[in-house]
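Below you'll find the structure, written out as structure tokens, and then a few comments.
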């Protein structure tokens, strides 16, 4: 994405190109802008797929002492020190909080996907659909 791209262009580019682990690690500290372009959080970290090691979730920290919520990597577009997401401030603020020190299991991920209105038949849902219930599906990357 170029420096002059709009959030809509960035989202379109992101949907055709999945960022790699090293790219997403660079996002830590980036500002997260919601759909209207206002800052809503900062990238606190990321979770990777337990089996593939590929980025699965951006961890967004809301406010200085706020909670941490996951946002699907497939819904993020980043450039120029910012990450754009297709949700408004209230959706992000009301998202289920997670503990970044604890991995997510299949059911927790499906709950988060459902909250954002992402069906189990697309994206991350299809990646974890065949995994056993209770299985750890994503966690912080190892060093």
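In this note's numbering, the protein residues as written are 46 to 188.
Ideal Cβ placement from N, Cα and C applies to all residues, glycine included.
This structure is a prediction, so every number in the text was calculated from the model and none was measured.
At least 8 Å separates the beta-carbon of residue 142 from that of residue 106. Cβ-Cβ distances below 8 Å link residue 155 to 165, 170, 173 in the same chain, with the five nearest sequence neighbours on each side left out; the list follows chain order. Burial is judged here by how many other beta carbons sit within 10 angstroms of a residue's own beta carbon; residue 92 has at least 16 and is buried.
Look at residue 67 here: in three-state DSSP terms it is helix. Looking at the DSSP output, residue 78 bridges to 84, 129. At the C-beta level, residue 100 and residue 64 come within 8 Å of one another.
In this structure, the alpha-carbon of residue 125 lies about 25 Å from that of residue 98.
Around the C-beta of residue 115, 16 or more other C-beta atoms lie within 10 Å, and the residue is accordingly described as buried.
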